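Here is the structure we will look at, set down as structure tokens.
Numbering (the working numbering), first residue to last: 355 to 489.
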């Protein structure tokens with residue numbers, strides 16, 4: 355499944371200490387990829403970080419955030435969402451004095467049923483049930 359969220363963040367309302375929190379409800383599965391799109395305009399005044407519970411997952415360095423301009427950031431987190439709650443929080447804030455800025459974040463998730471099929475096939479392949487290598 356693919357999830358995409360457009361987030362507009364007003365200036366002077368949200369700060370790093372009190373960011374705007376946008377919650378995305380996900381399905382049980384593995385976050386395999388995605389992207390963050392910063393359109394031209396924010397000039398590094400719009401900030402983003404993503405958390406699951408109390409753990410920061412994007413960017414991977416705790417305490418860091420993305421603040422970019424006219425850029426697409428590819429994501430390859432490979433994070434398993436296997437226990438409730440199946441959601442993540444996107445934290446944004448805007449350092450601009452007077453202009454709203456927006457970004458889009460998209461996440462790609464393999465659901466657990468599909469993931470199980472892939473793992474089963476891989477397991478069979480690795481255990482050589484296909485007859486490629488003697489047991």
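Each residue gets a CB set at the ideal place from its N, CA and C atoms; glycine is no exception. Values in this document were obtained by computation on a predicted structure and should not be read as measured data.
Reduced DSSP secondary structure (H/G/I, E/B, other) of residue i
i	result
residue 370	coil
residue 437	coil
residue 398	coil
residue 467	helix
residue 392	strand
residue 384	strand
residue 443	strand
residue 328	The displayed coordinates of the chain run from 355 to 489. Any statement about residue 328 would go beyond what the structure contains.
residue 453	coil
Rounded Cβ spacing between residue i and residue j (contact assumed at less than 8 Å)
i	j	result
residue 399	residue 450	4 Å
residue 384	residue 463	7 Å
Cβ neighbours of residue i in the same chain (closer than 8 Å, five flanking residues each side left out)
i	result
residue 362	454, 455, 456
residue 417	410
Residues near residue i in its chain [Cβ-Cβ closer than 6 Å; skip 5 each side]
i	result
residue 357	378, 461
residue 412	404
residue 466	382, 383
residue 386	462, 464
Residues bridged to residue i [DSSP beta-bridge criterion]
i	result
residue 428	389
residue 460	358, 389
residue 448	400
residue 412	404
Counting Cβ pairs, one atom from each stretch, are 3 or more of them under 8 Å apart for the region 425-437 and the region 357-371?
no
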